[in-house]
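Note that the working numbering numbers the sequence shown so that position 42 is 46, with each residue one more than the last.
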Amino acid sequence: MSSTTNYRASYQSYLNRQDVDGSKMRYIFIINTADGLQRYMKRNNMQSVLTKLSPLSMFGEIQVVAQIEGSFYQLPDFTEHTASQYMKTQIYGKDALRGEKIDLFAELFHTSELTHIIWFTDEEVTPYTRVIQSMNAPHMFWNFVSIKGSPLRCATKPPKNIILTHIPKISSLATSVLYRKLLNKFAQYVNKTDLPMHGRVRISQIENTADSQHVIKGSKSKVEQTNLKVGIGWKTIEGECLSASMLLTNNQLADAENIAFFGNKSTIGMTHVDGRELPTEDMEQYTVNLSAIEQAGQDKILFTLVMPDGTPEQLYIRVLTYDNRELIRFQIDMETCASNTALELGALYYYKQEWRFNAIGNGYNAGMEKIGANYGIPDLTDTYNFTAEVLEDIALNGKTFEYHMQDLFTKLGYEVEVPTSDPYAPDYGVDLIAIKGGVRKAVQLKCFSNVVPIKAVQEVYAGARMYNCDKYMVVATNYFSRAALQLAEQLDVEIWDKMQLAKVEDRLRSRIGVSDENELKLKLSKKDAEDEIDIDISAFLVNGSDQCESDEDLIFYNQTDHPSGCIRLINDTAWEKMMYIDLSSLPAYCEKIVIVGSLDAYKQKVELTIDNELNLYHTFEYMPSTVCDTLVLGQFRKIDGEWAFTTSETYFVGGLEEACKMYGLTTG
Numbered sequence: 005m006s007s008t009t010n011y012r013a014s015y016q017s018y019l020n021r022q023d024v025d026g027s028k029m030r031y032i033f034i035i036n037t038a039d040g041l042q043r044y045m046k047r048n049n050m051q052s053v054l055t056k057l058s059p060l061s062m063f064g065e066i067q068v069v070a071q072i073e074g075s076f077y078q079l080p081d082f083t084e085h086t087a088s089q090y091m092k093t094q095i096y097g098k099d100a101l102r103g104e105k106i107d108l109f110a111e112l113f114h115t116s117e118l119t120h121i122i123w124f125t126d127e128e129v130t131p132y133t134r135v136i137q138s139m140n141a142p143h144m145f146w147n148f149v150s151i152k153g154s155p156l157r158c159a160t161k162p163p164k165n166i167i168l169t170h171i172p173k174i175s176s177l178a179t180s181v182l183y184r185k186l187l188n189k190f191a192q193y194v195n196k197t198d199l200p201m202h203g204r205v206r207i208s209q210i211e212n213t214a215d216s217q218h219v220i221k222g223s224k225s226k227v228e229q230t231n232l233k234v235g236i237g238w239k240t241i242e243g244e245c246l247s248a249s250m251l252l253t254n255n256q257l258a259d260a261e262n263i264a265f266f267g268n269k270s271t272i273g274m275t276h277v278d279g280r281e282l283p284t285e286d287m288e289q290y291t292v293n294l295s296a297i298e299q300a301g302q303d304k305i306l307f308t309l310v311m312p313d314g315t316p317e318q319l320y321i322r323v324l325t326y327d328n329r330e331l332i333r334f335q336i337d338m339e340t341c342a343s344n345t346a347l348e349l350g351a352l353y354y355y356k357q358e359w360r361f362n363a364i365g366n367g368y369n370a371g372m373e374k375i376g377a378n379y380g381i382p383d384l385t386d387t388y389n390f391t392a393e394v395l396e397d398i399a400l401n402g403k404t405f406e407y408h409m410q411d412l413f414t415k416l417g418y419e420v421e422v423p424t425s426d427p428y429a430p431d432y433g434v435d436l437i438a439i440k441g442g443v444r445k446a447v448q449l450k451c452f453s454n455v456v457p458i459k460a461v462q463e464v465y466a467g468a469r470m471y472n473c474d475k476y477m478v479v480a481t482n483y484f485s486r487a488a489l490q491l492a493e494q495l496d497v498e499i500w501d502k503m504q505l506a507k508v509e510d511r512l513r514s515r516i517g518v519s520d521e522n523e524l525k526l527k528l529s530k531k532d533a534e535d536e537i538d539i540d541i542s543a544f545l546v547n548g549s550d551q552c553e554s555d556e557d558l559i560f561y562n563q564t565d566h567p568s569g570c571i572r573l574i575n576d577t578a579w580e581k582m583m584y585i586d587l588s589s590l591p592a593y594c595e596k597i598v599i600v601g602s603l604d605a606y607k608q609k610v611e612l613t614i615d616n617e618l619n620l621y622h623t624f625e626y627m628p629s630t631v632c633d634t635l636v637l638g639q640f641r642k643i644d645g646e647w648a649f650t651t652s653e654t655y656f657v658g659g660l661e662e663a664c665k666m667y668g669l670t671t672g
């Protein structure tokens, strides 16, 4: 099976997971044909780049435009059938000036279809970013790709729908990384912007504010709807704010699990949504089901804001219906809150058989500790972290933790399924499904800096039935509350806290002894030979600080021998690579040899075989991360005075370029 076929299958799978109607999407390639660039494109294998991008054409033709000195010229359409020869016949062999000149931006301005524009260039992109920004068209996503090896120049910070991508060298590995970078960034933008990936594109979320009631501090307004959204928004020059909503009964907070915020996404009848990922003015939102809250015996929802870095310039809280009709807006007077670190913004409360909204706007100088103490939990901050750091902690590490656990379960012999790749679709408390021996295990992951509450156990136990799972598990980066442990034992839910997780990871790390008396032979090969994908093996010679002394200490496909003779690489076939290591010839500064594997596809199992002296073979199987194709296979180092090979769990989302940065080498 060719690599192009693999890419097509991979892309088709991606579209299926996203429920994408590919025929309603547009792709446009823009190729900068400035003076001298044609020769560079040919020398650096741009044909390979376009071949690997050909799966994008599976639903139709891709429009290709040549850009010369600010003008755009139409070129013949690019299809999967013309991909292999396209550059030769249409760019090298034909003067772009003979093509039809078009007004590219005017054409794009009148379309509302979801459009992905990939612009190969080597010039400063500032003039184009300004034009794009003025278009105000979030349904167009622009990937500017540097193909000359140096980072693209842009005088201003580009908007979110413009990504600058730097590929230091167009090669088999680089085109693979490039393909994923383009699609991953595109998918992330579409998800975060809440753009539908099918049909006509809604440019922005329409909110009806015509009948909105603007209220003042202390006012109390009747709320007739039971399904609501509560939005909180602020503007600040620096620092960060964090909102939290509390379910109260008789003005008391029963326990910390009745709070919804960034670190505890949902509680009874209420869910926290990061508004920064939605097309709305709100920074954070809460979906509220008043009927469910009332049935649970709660009579008040208090909305609060923590401001560890000082008060924002502007702040409001508003109540909306589910179809985005604004009902109530309360603009808080920030002059009266200048010295506060926490605020009670407003509350929905039940009184005389009806729900009402109270505009509060009271501040405290003691943060969330004071609010918790006021409502019955003086040690609230011992359970949850309400500082600004929790935003970065959870937002950045949560998805990485999920990728890590996919890899971990794979190495434990499980087949792993992801219930949904849509961040806005409900997963019913199940993040992964681990399958072994016909038994399906529902797994919920909690990347928490706080204690994991009982709700995690409840959710995975209930959600397992949605996916026909027989077993249940919760894996967390912290410890579980006492209530969670008791319920897990009663429901037979397997739990891994941070200690258990560390033990499993340690158990997976293998170690073999090797000798420096004989030359070692390393072979990296594809596990399933019918999928012949490109494989590369590299080695970094590092000192005691895990840094390379010079560029010569990287052995890879473009530098196959070390001057000392300690390592040599043989590039015999695309899908199998051989490396020979003589430990006795290592330079004096070298204390460790890091072995890195790179391949042309995600989730393709490979094996590393180490032929030690006396024909003793050691074979290790590896499954790269679902978000990268480059990983540390292991390292040779001295342990207790003896040479040994130890496996590793490290991978690089940015490919070999990121590996070079880690070990002190510069690229470009």
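Using N, Cα and C, we set each Cβ at its ideal position, and we do this for glycine too.
Of the listed residues the options, nearest to residue i (C-alpha basis)
i       : options                               : result
Pro-382 : Ala-258, Phe-266 and Gln-448          : Ala-258
Ser-216 : Ile-32, Pro-142, Val-323 and Lys-374  : Val-323
Leu-148 : Thr-125, Gln-137 and Val-135          : The question names Leu, but residue 148 is Phe in the sequence shown. Per the Cα distances, Thr-125.
Val-674 : His-566, Phe-405, Tyr-432 and Ala-446 : Not covered by the structure: residue 674. The range shown for the chain is 5 to 672.
Glu-553 : Gly-301, Cys-664 and Glu-509          : Cys-664
Pro-155 : Phe-145, Thr-169, Phe-452 and His-143 : Thr-169
Arg-134 : Val-461, Gly-235, Pro-162 and Leu-118 : Pro-162
Ile-539 : Leu-319, Ser-519 and Tyr-626          : Tyr-626
Leu-118 : Met-29, Lys-440, Glu-65 and Gln-608   : Met-29
Leu-505 : Leu-186, Thr-86 and Phe-405           : Phe-405
Val-129 : Leu-186, Gln-71 and Leu-182           : Gln-71
Trp-679 : Ala-460, Leu-182, Leu-79 and Glu-84   : In the structure as shown, the chain begins at 5 and stops at 672. Residue 679 is therefore absent and cannot be evaluated.
His-143 : Ala-214, Tyr-31, Asp-337 and Asn-231  : Tyr-31
Ile-35  : Pro-59, Val-68, Gly-64 and Ser-52     : Val-68
Met-338 : Tyr-355, Tyr-320 and Tyr-354          : Tyr-320
Whole-number beta carbon distance between residue j and residue i, since they are thought to touch under 8 angstroms
i       : j       : result
Lys-525 : Asp-615 : 4 angstroms
Lys-304 : Ala-248 : The Cβ separation is near 14 angstroms, so there is no contact.
Leu-669 : Gly-601 : So it is not a contact: roughly 18 angstroms between Cβ atoms.
Val-1   : Val-497 : It is not possible to answer for residue 1, since the shown part of the chain is limited to 5 through 672.
Lys-581 : Ile-541 : 4 angstroms
Met-274 : Ala-264 : 5 angstroms
Leu-412 : Val-422 : About 14 angstroms separates the two Cβ atoms, so there is no contact after all.
Leu-612 : Leu-573 : Not really, about 14 angstroms apart at Cβ, beyond 8 angstroms.
Asn-369 : Asn-344 : 6 angstroms
Leu-251 : Thr-308 : In fact, because the Cβ distance is near 12 angstroms, the residues do not count as touching under 8 angstroms.
Residue i versus residue j - alpha carbon distance
i       : j       : result
Gln-448 : Ala-438 : 11 angstroms
Ser-75  : Asp-107 : 8 angstroms
Gly-658 : Leu-349 : 43 angstroms
Ile-455 : Met-477 : Sequence check: residue 455 is Val here, not Ile. Straight-line Cα distance between these residues: approximately 17 angstroms.
Glu-646 : Trp-123 : 52 angstroms
Leu-57  : Leu-112 : 22 angstroms
Thr-340 : Asn-255 : 25 angstroms
Phe-334 : Leu-306 : 14 angstroms
Tyr-584 : Lys-530 : 19 angstroms
Tyr-428 : Arg-157 : Bear in mind that a pLDDT of 46 at Tyr-428, under 50, signals an unreliable position, so the model cannot answer this.
Gly-442 : Asp-474 : 10 angstroms
Ile-207 : Ala-141 : Residue placement at Ile-207 is flagged as unreliable, the pLDDT there being 35, under the threshold of 50; a coordinate-derived value is accordingly withheld.
Phe-33  : Met-139 : 19 angstroms
Lys-565 : Ile-559 : Note that residue 565 is Asp in the sequence shown here, rather than Lys. The straight-line gap from Cα to Cα measures roughly 6 angstroms.
Lys-502 : Cys-451 : 10 angstroms
Ile-220 : Ile-458 : 39 angstroms
Val-277 : Gln-289 : 5 angstroms
Met-311 : Tyr-388 : 16 angstroms
His-218 : Ile-332 : 6 angstroms
Thr-654 : Thr-623 : 18 angstroms
Per DSSP, the bridge partner or partners of residue i
i       : result
Thr-275 : Ser-270 and Thr-291
Ala-648 : Gly-517 and Arg-641
Leu-306 : Met-250 and Ala-351
Trp-123 : Ile-34 and Phe-148
Thr-634 : Ser-602 and Phe-656
Lys-445 : Ala-438 and Lys-475
Val-69  : Ile-34 and Gln-78
Beta carbon proximity, residue i to chain D, threshold 7 angstroms
i       : result
Lys-161 : Chain labels in this structure do not include chain D; a single protein chain is all it has.
> Are the region 354-361 and the region 288-305 touching, with three or more C-beta to C-beta distances below 8 angstroms?
Replying inline: Yes, since at least three Cβ pairs between the region 354-361 and the region 288-305 fall closer than 8 angstroms, the two stretches touch.
> Should the region 313-327 be regarded as contacting the region 268-279, the criterion being three or more beta carbon pairs within less than 8 angstroms?
Replying inline: No, the region 313-327 is not in contact with the region 268-279.
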